[in-house]
Structure formats: C-alpha cells, structure tokens
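**Student:** If you want the numbering used here, it's the position in the sequence shown, counting the first as 1, plus 172. Idealized CB from N, CA, C, for every residue including glycine.
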Amino acid sequence: MPGTDATLEAFFSSPKYAVVGASTNPDKFGHKIFKWYVTHNLDVKPINPVASAIKVDDVDHATVASLSDLENPTETSVSIITGPGVTAKALAEAKKLGVPAVFLQPGTYDDDTLAFAKGNFATVLAGEGGTGPQGWCVLADGERGLKAVGKL
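1. Please state if the CB of A262 and the CB of V191 are separated by a distance shorter than 7 Å.
2. Under DSSP, the beta strand (DSSP E) around Y281 begins and ends at which residues?
3. Hey, quick one: how far does the beta strand (DSSP E) through D232 stretch, first residue to last?
4. State the CB to CB distance for the pair K289 and P272, rounded to an integer number of angstroms; the pair is presumed to be in contact (CB under 8 Å).
5. Considering only C-alpha positions, which residue in the set G279, I226, E243 is nearest to H203?
6. Identify whether T285 lies in helix, strand or coil by the three-state DSSP scheme.
7. Taking the beta strand (DSSP E) that P187 belongs to, which residues open and close that run?
8. Starting from V210, follow the alpha helix (DSSP H) in both directions and report where the run begins and ends.
9. Does P218 pass the burial test, meaning 16 or more other C-beta atoms within 10 Å, or should it be called exposed?
10. For P221, does the three-state DSSP call read helix, strand or coil?
11. DSSP three-state label for V321, please.
12. Let me know the secondary structure DSSP gives L311 once reduced to three states.
13. Can you give the Cα-Cα distance for D199 and L297, rounded to whole angstroms?
14. Please report how far the alpha carbon of V222 lies from the alpha carbon of G175, in whole angstroms.
15. Out of D177, A178, F184, which one is the CA nearest neighbour of L318?
16. Along the chain, where does the alpha helix (DSSP H) containing T303 start, and where does it finish?
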C-alpha cells in the first residue's frame with residue numbers, strides 16, 4: 173500500500189524531525205534532504221555516527237550518533253537516507269523508541285525493509301506515489317506536506 177496525502181500530512185504533523193544518513197557532503201542526498209529541513213525552519217536533528225556536525229549555509233548543526241540519542245523520539249518523524257541494511261537497523265531502533273512516522277527516501281529499502289516499516293509504523297511514506305519520478309521523496313513532496321499542515 174503506497175503512502176497517501178493523508179500519510180504525508182501525518183508525517184509533517186510531528187513537532188520534530190530527524191534525518192538518518194545526514195551527510196557532510198553537499199553532493200549527497202543525505203545532505204540535500206537535511207538542508208531541506210533546515211531551509212524550511214523545521215526542528216530537525218541530523219543523525220550521523222561519524223561527523224560531529226553538518227554544515228548548512230555556514231552554520232554547524234550538531235549531530236547525534238543514533239535515534240536513541242534524540243531527546244523526544246516519540247514526537248519525531250524520521251527521514252531515512254541510507255542503504256537498505258542500515259535502514260533496517262534504523263527502523264528496528266525507531267520501533268523500539270516509539271517513533272511515530274518514517275519517510276524512506278528512494279533507494280533506501282528493499283522489499284523486506286519496506287514490509288517491516290509498513291508492519292510496524294502507523295505512518296510510512298515510501299515507494300509508489302508522491303510527485304517525484306522515483307516515488308515519495310521529501311525533496312519532491314515535502315512542501316506539499318508542510319502546506320497541508322500549515323507549516324508553510
């Protein structure tokens with residue numbers, strides 16, 4: 173079952189966000205998606221177990237190593253931009269922490285990972301749908317979600 177506009181609204185209704193796979197490299201999608209959240213003035217935390225900060229427009233944003241380091245995971249919608257193996261581990265951690273919503277960017281999951289997400293989270297955006305050529309993506313669908321919940 174692909175996501176819907178209602179799923180998009182539910183994801184963006186959270187007061188906080190996190191980006192698993194946030195990257196220090198501006199050419200990578202992990203950086204582009206984190207920057208999208210920053211540019212839209214959202215309360216977002218980059219998840220990166222190696223870098224201490226992610227720089228966006230000359231401002232350093234302190235990272236945390238994992239979802240377990242978030243202050244309020246039950247109030248945090250999580251975008252994931254990692255390979256399927258890392259995504260599976262992040263989803264298991266997110267489930268344990270009570271994360272309410274996940275947004276799996278294109279290329280971040282396989283069939284098993286997607287099935288786990290859909291079986292364990294009320295709000296999952298991934299795969300078919302959205303307005304991007306590869307399915308749901310924050311860069312293609314995020315502003316529509318923010319508008320729907322009055323954050324833009």
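**Tutor:** Working from what's here:
1. Position 19 of the sequence shown, counted from the start, is the residue given in the question as residue 191. Position 90 of the sequence shown, counted from the start, is the residue given in the question as residue 262. Not closer than 7 Å, so no.
2. For this step, residue 281 is matched to residue 109 along the sequence shown. Premise fails: Y281 is in no beta strand (DSSP E) and is neither H nor E.
3. In the sequence shown, residue 232 corresponds to position 60, counting from 1. It spans 231-234 - the beta strand (DSSP E) in which D232 sits, taken as one unbroken run.
4. Residue numbering aside, residue 289 sits at position 117 when the sequence shown is read from its first letter. Residue numbering aside, residue 272 sits at position 100 when the sequence shown is read from its first letter. Strictly speaking, residue 289 in this sequence is Ala, with Lys absent from that position. With 8 Å as the limit, A289 and P272 do not qualify as a contact, their Cβ atoms being about 13 Å apart.
5. For the purposes of this step, residue 203 is identified with residue 31 of the sequence shown, where counting begins at 1. Of the listed residues, the one whose Cα sits closest to H203 is I226.
6. Here residue 285 is taken as the residue at index 113 of the sequence shown, counted from 1. Three-state result, T285: helix.
7. For the purposes of this step, residue 187 is identified with residue 15 of the sequence shown, where counting begins at 1. From DSSP, P187 is part of no beta strand (DSSP E); its letter is neither H nor E.
8. The residue you call residue 210 lines up with position 38 of the sequence shown. Start and end: 201-211.
9. Locating residue 218 in the sequence shown gives position 46, counting from the first residue. Flag for P218 reads buried.
10. Translated into positions along the sequence shown, residue 221 becomes position 49. Residue state, collapsed to three classes: coil.
11. On the sequence shown, residue 321 is found 149 positions in, with the first residue counted as 1. V321: coil per DSSP, three-state reduction.
12. Residue numbering aside, residue 311 sits at position 139 when the sequence shown is read from its first letter. Helix at L311.
13. In the sequence shown, counting from the first residue as 1, residue 199 sits at position 27. In the sequence shown, counting from the first residue as 1, residue 297 sits at position 125. Between D199 and L297, the C-alpha separation is close to 23 Å.
14. Taking the sequence shown and counting its residues from 1, one reaches residue 222 at position 50. Taking the sequence shown and counting its residues from 1, one reaches residue 175 at position 3. Taking the straight line from one Cα to the other gives about 32 Å.
15. One-based indexing of the sequence shown puts residue 318 at position 146. Residue F184 is the option with its Cα nearest to L318.
16. Residue 303 sits at position 131 when you count from the first residue of the sequence shown. Note, T303: premise wrong, no alpha helix (DSSP H); not H, not E.
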